[in-house]
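K.L.:
Taking our numbering, the leading residue of the sequence shown gets -1, the next gets one more, and so forth. Beta carbons: idealized from backbone N, C-alpha and C, even for Gly. Since the structure is predicted, the reported quantities are computational estimates derived from the model, not experimental observations. First, the structure itself, so that you have it in front of you.
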Amino acid sequence: MPGEWTATKSGGCHLHPDWRQNPKFYLQMQGVRPTKVRITLTRSEREWKSRCQRDSVGTMIGFYLFRSGSGKLNRPGDSTADGDSAATTHPIVVNGRLWSETDFVPLHTVCSPPELVLSSAAKGGYVIVPATYEPGRLGKFVLSVQCDTEFTLSGDSEA
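Printed below as a string of structure tokens:
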């Protein structure tokens, strides 16, 4: 699914106060069993190459993954208003460890861990938030999802 970091949707990574102001994609799994999922964020090397050469750290890419049931985007360890940590309210676990984001890499493609398994029973599905490392890095990207069950993927304007 195509996406774009724009002037109003390019908040950078979670180290920046406006990091939640990035494009959001909504993933809803169908079926009844947990499913292995592969999420891939890709950008055009041709479009991004010169920017990446000038700003290799700021243009690094990655993405966040949250359960969307609460409507809040909190990373593990973040405190919520009711004092609970995001780890207890939004558990996504990979290899026995809490997981909510990829590494940010100076490449044109980044993927979820191969062991990522998501529950079809997650109320509200999941939110995927692609980001550049620094805010204000504008450009197009493609987000793709692969899994063994049916799913729907919609962007900000379609949800």
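Could you tell me if N20 is buried or exposed, where buried requires 16 or more neighbouring beta carbons within 10 angstroms of its beta carbon?
P.N.:
The residue you call residue 20 lines up with position 22 of the sequence shown. So N20 ends up on the buried side.
K.L.:
Leaving out the 5 sequence neighbours to the left and right, which residues in its chain are closer than 6 Å to S152 when beta-carbon positions are compared?
P.N.:
Within the sequence shown, the letter at position 154 stands for residue 152. Y24.
K.L.:
Could one say the Cβ of L116 lies closer than 7 Å to chain B's Cβ atoms, at least one of them?
P.N.:
The displayed structure is made up of one protein chain only, and chain B is not part of it.
K.L.:
Would the beta-carbon of R65 fall within 7 Å of that of A5?
P.N.:
Within the sequence shown, numbered from 1, the residue matching residue 65 stands at position 67. Within the sequence shown, numbered from 1, the residue matching residue 5 stands at position 7. Going by C-beta atoms, R65 is not nearer than 7 Å to A5.
K.L.:
What are the boundary residues of the beta strand (DSSP E) that R65 is part of?
P.N.:
Here the question's residue 65 lines up with position 67 in the sequence shown. 59 to 65 is the extent of the beta strand (DSSP E) around R65.
K.L.:
CB-CB under 7 Å to W17, same chain, minus the five flanking residues each way: which ones, in chain order?
P.N.:
Taking the first residue of the sequence shown as position 1, residue 17 is located at position 19. G9, G10, C11, A129, listed in sequence order.
K.L.:
Report buried or exposed for T173, applying the criterion of at least 16 other Cβ atoms within 10 angstroms of its Cβ.
P.N.:
This structure cannot speak to residue 173, because the chain is shown only from -1 to 157.
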